[in-house]
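Okay, so the sequence shown: first residue is 1 according to our numbering, each after it adds one.
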Amino acid sequence: MARMTAARAAVEILKREGVSHAFGVPGAAINPFYKALKEGGGIGHTLARHVEGASHMAEGYTRTHPGNIGVCIGTSGPAGTDMITGLYSATGDSIPILCITGQAPTAVLHKEDFQAVDIASIARPVTKMAMTVLEAAQVPGVFQQAFHLMRSGRPGPVLIDLPIDVQLTEIEFDPETYTPLPVHRPAASRAQIDKALSYLLASERPLIVAGGGVINADAAELLVELAELTGTPVVPTLMGWGAIADDHELNAGMVGLQTSHRHGNATFLASDFVLGIGNRWANRHTGYRMDVYTEGRTFVHVDIEPTQIGRIFAPDYGIASDAKAALELFVAAARELRDAGELPDRAEWVASVGERRATLQRRTHFDDIPIKPQRVYEEMNKAFGPDTRYVTTIGLSQIAGAQMLHVFRPRHWINCGQAGPLGWTIPAALGVATADPLNPVVALSGDYDFQFMIEELAVGAQHRIPYVHVLVNNAYLGLIRQAQLGLGIDFQVNLEFENINSPELGVYGVDHVKVAEGLGCKALRVTDPAELGAAFAQARKLAAEFRVPVVVEVILERITNIAMSRTADISDVTEFEDIATESWHAPTSLTPLKP
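Below is the structure:
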């Protein structure tokens, strides 16, 4: 039997579980693990500038390819507490990441030793497992269990806390015979699928709501096949966006209070049956008027987590199943029904969905200076192709982007959906670009999100991680300002000031171009909408040439209200701007506007 430190055993297990890259910040209490990481080889490492940033890099890495598990590493005390936001974000979106922290020696854990904190107790509510390992011989089993839990059932994060003496203790461990534990995921039965399909067959205007579980299960192709077999239009949720291409005839558009399409909400309200697969019925999708969302519709809900069924409202039928396992049976059953001639003709319903897509559109083309944000997304549609991976978190930039951008493939809209922490976008984009260096990565931020973890741009410069970051700057907390409208206030949301070092900015305050350049990146500023296309093209060239992040800062009008409901009701969405009434109003629409 081989003899090695527990830290080295942990590194050997990481490799055998498929880990090839990690993100982190070393420190005294985790240095033995870093020594094992160096001596063990086989795992690349990106040095973050902030430990929270490392956790979001791990998230981006996981979200990019099926099977990826991002790893983030930090020392004791504040490193672990800094990563709690990343763990919360990961658990909210069912994203498996492994957080490894150092810890004070076991003998002094109860003595308020320097940077000794009970991180396992702190992390437990936002992880599938959080454990401080007190016996070195337990390390292999704990890591084995961690990967089993992250992959089984509803995916999610795990934290393993390693006291420094545990890391240094030698144990008997044979890496060559290590075997990962089998993954468990619930699977639907054929009887359940047949019953669910009976509801669909009995309906006249059915929809499928495809959630992030379809993406996580790598089941997008099966979803599209089911939709095509049954002639059922698909509503992707924000986390499921890309499961069916935006230009597919059966894409019914997104639904909700904010990140929704006019035609998507209208189609949903016209439906009479909804099959939800891998979705949470999140409130930004359903709204808070559940009577509006559910009235006149029958619901079947398929989710990998049994306790998720009935959490928001009681469906007419629920199935606890992994999305891929369920969709495989759905497709098999639908093929049988097709071959027997028992599938109803949905041509009229599908045509009505297309009619709404062609008539209910938002205007994107404005020539105003300062620039209206809608024009930014129009130009992004022109500049960035279907292979682009978009990365964003929260704010008016994300909401408007979801309303106006186009996504054609799974995992090409990488979004922090449930937690929405400001600062997420830069480190997540670095994680995505690390996981996929071949396809273009384009991040989207408002100025406040961008400023939260702006130091992580230096990580991209140091490690040569190129991507394009579109920064829309209105020197406002735009979404919070808009949320305050109902309260009749505009309070503590204004970021404007006159920068004495950059008077050319006027009241737009922070000189993001100088900051980005100071961190080793390239940056451009655009003030005229006619220059956006050229700026995006130049940014792509600079990223390819210098292999660093390239920021395109767009100076927006100070105040824009993006379409959303002010009453938490999906049937009552306010269109603050002019809607599209002529084809040139929405030139990048995938469906030509029908006036």
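Glycine included, C-beta positions come from ideal geometry on N, C-alpha and C. Keep in mind the model is a prediction, meaning the values are calculated, not measured.
Between the CA atoms of residue j and residue i - distance to the nearest angstrom
| i | j | result |
| --- | --- | --- |
| G53 | Q308 | 30 Å |
| L337 | A191 | 14 Å |
| F576 | A563 | 6 Å |
| P683 | I312 | Lying outside 1 to 595, the shown extent of the chain, residue 683 is not represented and no answer is given. |
| Q374 | G486 | 23 Å |
| S397 | E172 | 53 Å |
| M404 | D246 | 11 Å |
| Q492 | I164 | 44 Å |
| A137 | V166 | 9 Å |
| G420 | A402 | 14 Å |
| N31 | P466 | 29 Å |
| R3 | E170 | 6 Å |
| A383 | A535 | 10 Å |
Rounded Cβ spacing between residue i and residue j (contact assumed at less than 8 Å)
| i | j | result |
| --- | --- | --- |
| I555 | V526 | 7 Å |
| F143 | I13 | 4 Å |
| V331 | L532 | The Cβ separation is near 42 Å, so there is no contact. |
| D345 | Y199 | In fact, because the Cβ distance is near 18 Å, the residues do not count as touching under 8 Å. |
| L360 | R262 | 4 Å |
| I100 | G18 | Not quite, the Cβ-Cβ distance comes to about 16 Å (not below 8 Å), so this is no contact. |
| V472 | A543 | With a Cβ gap of about 19 Å, V472 and A543 do not count as contacting. |
| A130 | A120 | 4 Å |
| G212 | D93 | 6 Å |
Residue j beta carbon less than 7 Å from that of residue i
| i | j | result |
| --- | --- | --- |
| T179 | L159 | no |
| V470 | V391 | no |
| E517 | G509 | no |
| H406 | N439 | no |
| F596 | A7 | This structure cannot speak to residue 596, because the chain is shown only from 1 to 595. |
| G287 | A568 | yes |
| E204 | D272 | yes |
| A333 | L444 | no |
| L168 | G417 | no |
| A458 | G395 | no |
| L162 | S571 | no |
| I193 | V224 | no |
| G242 | R409 | yes |
| Q103 | A29 | yes |
| V350 | G506 | no |
| P529 | D367 | yes |
| P236 | L207 | no |
| D449 | T393 | yes |
| T267 | V214 | no |
Close Cβ partners of residue i (< 6 Å) along its chain, the five nearest in sequence each way excluded
| i | result |
| --- | --- |
| R16 | Y178 |
| S55 | C72, M83, G86 |
| D578 | R363 |
| P182 | none |
| I399 | Q258, T259, I562 |
Close beta carbons around residue i, own chain, < 7 Å, minus the five adjacent residues each side
| i | result |
| --- | --- |
| D322 | R185, P186, A187, A217, I304 |
| E59 | G70, G86, S89, A90, I95, I97, A428, G431 |
| A79 | V25, G27, V51, T101 |
| A325 | R185, A187, A188 |
Own chain partners of residue i with C-beta closer than 8 Å, once the 5 adjacent residues on each side are dropped
| i | result |
| --- | --- |
| E228 | L250 |
| T294 | F313 |
| G385 | P440 |
Exercise. Could you give the uninterrupted runs of the beta strand (DSSP E) lying entirely in the segment 181-236, keeping only those of 3 residues or more?
Worked result: Those beta strand (DSSP E) runs which fall completely within the segment 181-236 and span 3+ residues are 206-210, 234-236.
For this session: Please list the segments of the alpha helix (DSSP H) lying wholly inside the segment 41-102, counting only runs of 4 or more residues, in order along the chain.
Result: As far as the segment 41-102 is concerned, its whole alpha helix (DSSP H) runs of at least 4 residues are 51-64, 78-82, 84-92.
For this session: Just list the beta strand (DSSP E) runs in the segment 308-345, keeping only unbroken ones of 3 residues or longer that don't cross its boundaries, in chain order.
Result: 317-320
Problem set entry | Length-filtered (3 minimum) beta strand (DSSP E) runs lying within the segment 461-494 | 468-473
Exercise. At which residue ranges does the segment 269-310 contain complete beta strand (DSSP E) runs of 3 or more residues, listed in the order of the chain?
Worked result: 273-277, 298-303
Exercise. Unbroken alpha helix (DSSP H) runs of length 4 or more, entirely within the segment 391-445: which are they?
Worked result: Segments of the alpha helix (DSSP H) lying fully in the segment 391-445: 396-404, 425-435.
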